[in-house]
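Peer 1: Attaching a single structure in structure tokens format; questions to follow.
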Amino acid sequence: MTTVELTPRQRTWSAFRRNPLGMGSGALLVLLALVAIFAPLLAPFPEGYGADTSQPPSAAHWFGTDDIGQDVFAQVVWGTRVSMAVGLSASVLAIVIGLLIGVSAAYFRRLDTPLGMLVDLSLSLPVLPLMILVAALAGPSVRTLAVVIALFSWPEVARVVRSQALAIVPMPFVSAAKVVGGSSWWIVRKHLLPGVIPVVGVSVVLTTSRAVLAEAGLSFLGLGDPNSWSWGTILHKAQQSGSLASAWWTTLFPSTAILLLVLSTTLLSVAYNDARNHRSDA
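Numbering (full-length UniProt numbering), first residue to last: 1 to 282.
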């Protein structure tokens with residue numbers, strides 16, 4: 001009886017879907033993305049003042065209310081949209097920069113040393129103080145946060161991409177492409193980029209979670225956009241109003257949202273790596 005040979009992508013998916021933690025984490029990320037997309041349908045935008053101030057969770061207010069009567073559930077829902085938008089935007093920008101630098105360092109050997117020094121220098125910098133300084137000088141806004149986080153997140157992506165690309169450059173098909181006259185751009189586009197895409201996929205997930213954490217930290221310090229909601233902004237306003245000690249629900253739910261996002265992205269990346277390196281028993 002003949003057996004059908006699966007492609008590497010099919011083998012990876014087959015192994016991944018048998019991992020309950022990976023599938024559960026993926027489902028949770030999809031749920032958070034749906035909350036972000038359909039935020040206007042789930043809760044009204046939190047603004048103004050309400051009559052029920054500092055009320056604990058109830059049937060009327062699932063996550064309770066803050067010191068000025070705003071619904072915490074609405075804050076968390078709308079905060080999901082901003083936090084994930086900042087995280088995803090910063091991740092995409094960091095991936096693009098890291099991908100270009102990593103592939104260039106691996107393929108163009110003359111650039112390897114200077115680009116490697118640039119990456120090492122960037123990784124040695126005190127990231128959080130510099131993020132705070134740049135965000136404070138540029139002014140609080142969602143776009144500023146995304147750019148600042150991306151500018152300090154790309155070195156790790158570049159190092160991983162370079163390592164993967166270095167294993168592809170000596171391959172026979174790359175040498176054959178050079179012999180037949182393939183341009184550097186054509187070789188990079190046809191051979192190197194497809195080879196590093198699996199690593200980039202993991203980097204997108206992990207960089208997004210780190211960007212969300214960075215955004216939450218900067219917003220908690222008061223460097224977020226005051227005209228929009230994010231999970232960090234909710235924590236900042238709870239700290240400013242003194243609700244951290246008196247109204248536990250104002251910090252529990254946004255903190256739980258951050259925890260769930262970071263935990264799910266970590267488990268998803270671990271499950272994906274396990275699936276890529278999976279070896280079926282013969």
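Using N, Cα and C, we set each Cβ at its ideal position, and we do this for glycine too.
From a predicted model like this one, the values you see are computed outputs, not experimental measurements.
1. Relative to the C-alpha of Leu118, which residue among Val174, Ala105, Val161 and Leu41 is closest?
2. Is Val205 near Thr265, with beta carbons less than 8 Å apart?
3. List the residues that DSSP assigns as beta-bridge partners of Asp71.
4. Of the choices Leu259, Gly232 and Gln239, whose alpha-carbon is the least far from that of residue 283?
5. With DSSP as the reference, label Val161 as helix, strand or coil.
6. Within the continuous alpha helix (DSSP H) that includes Gly26, where are the two ends?
7. Tyr49 lies in the alpha helix (DSSP H); which residues open and close that run?
8. Would you report the Cα separation of Ser209 and Tyr107, rounded to the nearest angstrom?
9. With DSSP collapsed to three states, give me the class of Gly224.
10. Cβ of Asp66 within 8 Å of Cβ of Ala247?
11. Taking the alpha-carbon positions, what's the Ser25 to Ala211 distance?
12. Anyone know if the C-beta pair for Ala216 and Gly195 falls short of 8 Å?
13. Between which two residues does the alpha helix (DSSP H) containing Gln240 stretch?
14. Would you tell me roughly how many angstroms separate the C-alpha atoms of Pro46 and Gly116, rounded to the nearest one?
15. Restricting to Cα atoms, I'd like to know which of Leu223, Ile68, Ala176 and Arg276 is closest to Leu128.
16. Looking only at its chain, what residues have a beta carbon closer than 7 Å to the beta carbon of Pro57, apart from the 5 residues adjacent to it on each side?
17. Cβ atoms of Gly69 and residue 283: under 8 Å apart, would you say?
18. Can you tell me where the alpha helix (DSSP H) holding Ala177 begins and where it ends?
Peer 2: Answer, in terms of the structure:
1. With distances taken between CA atoms, Leu118 lies nearest to Ala105 out of Val174, Ala105, Val161 and Leu41.
2. yes
3. Thr65
4. Because the chain in this structure spans residues 1 to 282, residue 283 falls outside the shown range and cannot be described.
5. helix
6. Taken as a continuous stretch (DSSP letters only), the alpha helix (DSSP H) holding Gly26 covers Pro20 to Ile37.
7. Looking at the DSSP string, Tyr49 is not in any alpha helix (DSSP H), and its letter there is neither H nor E.
8. 29 Å
9. If DSSP states are grouped into helix, strand and coil, Gly224 belongs with coil.
10. Against a cut-off of 8 Å, the Cβ pair of Ala247 and Asp66 comes out as a contact.
11. 18 Å
12. no
13. Trp231 to Ser241
14. 46 Å
15. Leu223
16. Take Pro57, set aside five residues on each side of it, and the residues of its chain with a beta-carbon closer than 7 Å to its own are Phe63, Gly64 and Trp249, in chain order.
17. With the chain running from 1 to 282 in the structure shown, residue 283 is simply not present.
18. Unbroken alpha helix (DSSP H) run through Ala177: Pro172 to Val179.
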